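Structural data, given as structure tokens:
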């Protein structure tokens, strides 16, 4: 299973990647992306992953911008510390 992590905090991204690998031995972290800009560029030039873990608030904007700009059919698990984005994440 190829997984992409979109998270701007390096420590959090590394912890999540480690947790995923422990939980699923066959998981392959295809990329750790740190911004809307980086994620858009990645998805324009690479195959879609099997699963995306995505923080909502990134340094250069909200991750919803990624999905508004790039058609992605992969399942997305949104991770955030900001409860005001919960409903918007479910609608995305």
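In the numbering used here, the protein residues as written are 1 to 92.
Yeah, the Cβ is synthetic: ideal placement off N, Cα and C, and Gly gets one too.
Just so you know, these numbers come straight off a predicted model, no measurement behind them.
**Prompt:** Contact check, residue 50 vs residue 2 under 8 Å by CB: the rounded distance?
**Reply:** Correct: roughly 5 Å between the Cβ atoms.
**Message:** For residue 72, report the span of its beta strand (DSSP E) as first-last.
**Reply:** For residue 72, no beta strand (DSSP E) run applies, since DSSP gives it neither H nor E.
**Asked** Near residue 32, what residues of its chain come up, given a Cβ to Cβ distance below 6 Å and the 5 sequence neighbours on each side ignored?
**Response** 5, 13.
**Request:** Just list the beta strand (DSSP E) runs in the segment 20 to 47, keeping only unbroken ones of 3 residues or longer that don't cross its boundaries, in chain order.
**Result:** Positions of the beta strand (DSSP E) runs, each at least 3 residues long and wholly inside the segment 20 to 47, are given as 28 to 33 in order along the chain.
**Item:** Residues bridged to residue 55 [DSSP beta-bridge criterion]
**Value:** Its beta-bridge partners are 79.
**Asked** Exposed or buried, which one is residue 59 when buried takes at least 16 other CB atoms within 10 Å?
**Response** Of the other Cβ atoms in all chains shown, fewer than 16 fall within 10 Å of the Cβ of residue 59; this residue is therefore exposed.
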